[in-house]
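Asker: I have a structure I would like to understand better, so I am pasting it below and will then ask my questions one at a time.
This is how it looks when you write it as structure tokens:
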């Protein structure tokens, strides 16, 4: 199976209901595998981004879980700052926040373009905590840049690949341009006024919308 | 002799053309199951779907050329109306298929159309339209309606069910609806709402840099939460300001308060677009 044919079947692949040959191709083709992986990661993460204030009790659970797994300890919190490099400038003073961010980077390295996943992933049953961590990441200044970086990688792959339907790629070009303009302006607003929660929320919405558009180009319903 | 044959040849040619034209049109009817799913997949053209009182799904398809074919099929609890490309390299003008469809009002509708226009009217169950660059018009729907476009504009009127409408750059217009739940979001298009609000209803409008304009009757009763980071926010209704539960962070314009007894909730947010709440 050629990549082009695979792209036509990729919607079924995403839903787990594709021709068996598509899965054979997926195993053999790292490019298509990376593309599917990215799209799954971006869309799932984008859809699982809740916006709510976690309770202090939940934060305590996050911290306890992180300490239990050796991911964070109050005494060793400074190590995250060294290890995270430039991202550490965004780490706030609140220790639980730092622990949550560390969890996010471990769970979500694929999304934010980090290579943290090269180290073994902890086996935490923390789906709710992960959700909370994602939520906090939305309000964290470095989030936008990292998400955008990853989306740029996905976009590059999508646009480089021959689309299954050239028309939809053409039709999406204008809206994608509008989205990029809006993202740039909103990011600029966030950079200028880091406390503007409305702009942050909007930035997150734009990223979700862009991920959806990219998926539509790659997996048209037509 | 040749001269005498000319009328015959002309008539034959006309007949052939007529037969050819006839071949571009397909009409089929299927018995409809209760709450049957009508699924339409088309690339270019106009799709018009009407609810009617007969227990039948009737489809009239007109294709512009032989570069495409209309495939109509009845399955268990569903009717599929799909356009199949026979020549993917044909120009868009040759890939046009127009569909006019009638179905029982309790049919569930799912439509995908890349460009052209969609009309759906007079249904009571769920309607979903994905139309990247097609304009969409919904009218008299009582069930849930979900519309997604990239650049296509959306018009919704006289609907009573839950409405979720999103677009990137298409404008969104809502007129005289009775829905109690509405989410309308786009990025660069305008959003226009003209109509009353239902008691207990929730209405959310969100865009990035387009205008949001809400035109409501003077008797409207609602909680208003309108915020724009950089755009103007205005309200014509007598208004009791309410303190923000959490003070807004960052310099943006905001109106938070109650109009009359606050029977519905209206939230309008924009990054740089203007928000206007006007009396009808």
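Chains as they are written, first to last, in my numbering: chain A, 3 to 224; chain B, 1457 to 1736. Backbone N, C-alpha and C fix where the C-beta goes; we use that ideal spot for every residue, glycine too.
Cβ closer than 7 Å: which chain B residues qualify as neighbours of residue 4 (chain A)?
Answerer: By Cβ distance, chain B contributes nothing, its closest Cβ being about 15 Å from residue 4 (chain A), past 7 Å.
Asker: For residue 6 (chain A), count the other beta carbons within 10 Å of its own beta carbon; 16 or more makes it buried, fewer makes it exposed. Which is it?
Answerer: exposed
Asker: Rounded to a whole number of angstroms, what is the C-alpha to C-alpha distance between residue 1558 (chain B) and residue 1517 (chain B)?
Answerer: Approximately 12 Å between the Cα atoms of the pair.
Asker: Would residue 1607 (chain B) pass as an interface residue toward chain A - the criterion being a Cβ-Cβ separation below 8 Å?
Answerer: Interface residue (Cβ-Cβ distance to chain A less than 8 Å): residue 1607 (chain B) is classified as such.
Asker: Between which two residues does the alpha helix (DSSP H) holding residue 1480 (chain B) run?
Answerer: Taken as a continuous stretch (DSSP letters only), residue 1480 (chain B) belongs to no alpha helix (DSSP H), as it is neither H nor E.
Asker: For residue 210 (chain A), does the three-state DSSP call read helix, strand or coil?
Answerer: helix
Asker: My understanding is that residue 1665 (chain B) touches residue 184 (chain A), with C-beta atoms under 8 Å, so please give their C-beta distance in whole angstroms.
Answerer: 6 Å
Asker: Taking only beta-carbon positions, decide if residue 1681 (chain B) is within less than 8 Å of chain A.
Answerer: no
Asker: Comparing alpha-carbon positions, which option in B:1552, B:1522, B:1520 and B:1497 lies nearest residue 1528 (chain B)?
Answerer: B:1497
Asker: Residues of chain A with CB closer than 9 Å to the CB of residue 1691 (chain B), please, in chain order.
Answerer: The premise fails here: residue 1691 (chain B) is roughly 18 Å from chain A at the closest Cβ pair, so nothing lies under 9 Å.
Asker: Return no unless some Cβ of chain A is closer than 8 Å to the Cβ of residue 1711 (chain B).
Answerer: no
Asker: Does the Cβ-Cβ distance between residue 1612 (chain B) and residue 1643 (chain B) come in under 8 Å?
Answerer: no
Asker: Taking a Cβ distance cut-off of 7 Å, strictly less, list which residues of the region 1586–1599 of chain B are near chain A, in chain order.
Answerer: 1586, 1588 and 1589
Asker: So, with DSSP's three-state summary, where would you put residue 1654 (chain B)?
Answerer: coil
Asker: Are three or more beta carbon pairs between the region 1719–1726 of chain B and the region 1676–1688 of chain B nearer than 8 Å?
Answerer: yes
Asker: Give me the Cα-Cα distance between residue 1539 (chain B) and residue 1711 (chain B), rounded to the nearest whole angstrom.
Answerer: 49 Å
Asker: Does residue 200 (chain A) come within less than 8 Å of chain B when only Cβ atoms are used?
Answerer: yes
Asker: Under 8 Å by Cβ, that's how I've got residue 1620 (chain B) and residue 1593 (chain B) pegged, so tell me the actual separation to the nearest angstrom.
Answerer: Here residue 1620 (chain B) is actually not in contact with residue 1593 (chain B); their C-beta atoms are around 16 Å apart, not less than 8 Å.
Asker: Identify the continuous beta strand (DSSP E) that holds residue 1589 (chain B) and give its terminal residues.
Answerer: Annotation for residue 1589 (chain B): the continuous beta strand (DSSP E) segment containing it runs 1589–1597.
Asker: To the nearest angstrom, how far is it from the Cα of residue 1546 (chain B) to the Cα of residue 172 (chain A)?
Answerer: Within the model, the alpha-carbon separation for residue 1546 (chain B) versus residue 172 (chain A) is close to 15 Å.
Asker: Check whether the Cβ atoms of residue 1663 (chain B) and residue 1729 (chain B) lie closer than 8 Å to each other.
Answerer: yes
Asker: Excluding the 5 residues preceding and the 5 following residue 1604 (chain B) in the sequence, name in chain order all residues of the same chain whose CB lies nearer than 6 Å to its CB.
Answerer: 1586 and 1622
Asker: Does residue 1620 (chain B) get closer than 8 Å to chain A when you measure Cβ to Cβ?
Answerer: Not closer than 8 Å to any Cβ of chain A, the Cβ of residue 1620 (chain B) fails to qualify, so no.
Asker: Is the beta carbon of residue 1650 (chain B) less than 8 Å from the beta carbon of residue 1667 (chain B)?
Answerer: Contact: no.
Asker: Which residues in chain B have a C-beta closer than 8 Å to the C-beta of residue 188 (chain A)? List them in chain order.
Answerer: Under the 8 Å cutoff, chain B gives 1664 and 1727.
Asker: State yes or no: is the beta carbon of residue 1499 (chain B) nearer than 8 Å to at least one beta carbon in chain A?
Answerer: yes
Asker: According to the neighbour-count rule (16 or more other Cβ atoms, all chains shown, within 10 Å of its Cβ), is residue 188 (chain A) buried or exposed?
Answerer: It is buried - the Cβ of residue 188 (chain A) has at least 16 other Cβ atoms within 10 Å.
Asker: Leaving out five residues on either side along the sequence, give the residues of the same chain with a beta carbon under 8 Å from the beta carbon of residue 1717 (chain B).
Answerer: 1677
Asker: Mind checking which residues open and close the beta strand (DSSP E) that includes residue 1413 (chain B)?
Answerer: Not covered by the structure: residue 1413 (chain B). The range shown for chain B is 1457 to 1736.
Asker: Please confirm whether residue 193 (chain A) has its beta-carbon closer than 8 Å to some beta-carbon of chain B.
Answerer: no
Asker: Among B:1554, B:1610, B:1615 and B:1695, which has the Cα closest to the Cα of residue 1521 (chain B)?
Answerer: B:1554
Asker: Starting from residue 204 (chain A), find everything on chain B with Cβ-Cβ shorter than 7 Å and list it in chain order.
Answerer: 1664 and 1727
Asker: Indicate the three-state DSSP secondary structure (helix, strand or coil) for residue 1646 (chain B) in the structure shown.
Answerer: If DSSP states are grouped into helix, strand and coil, residue 1646 (chain B) belongs with coil.
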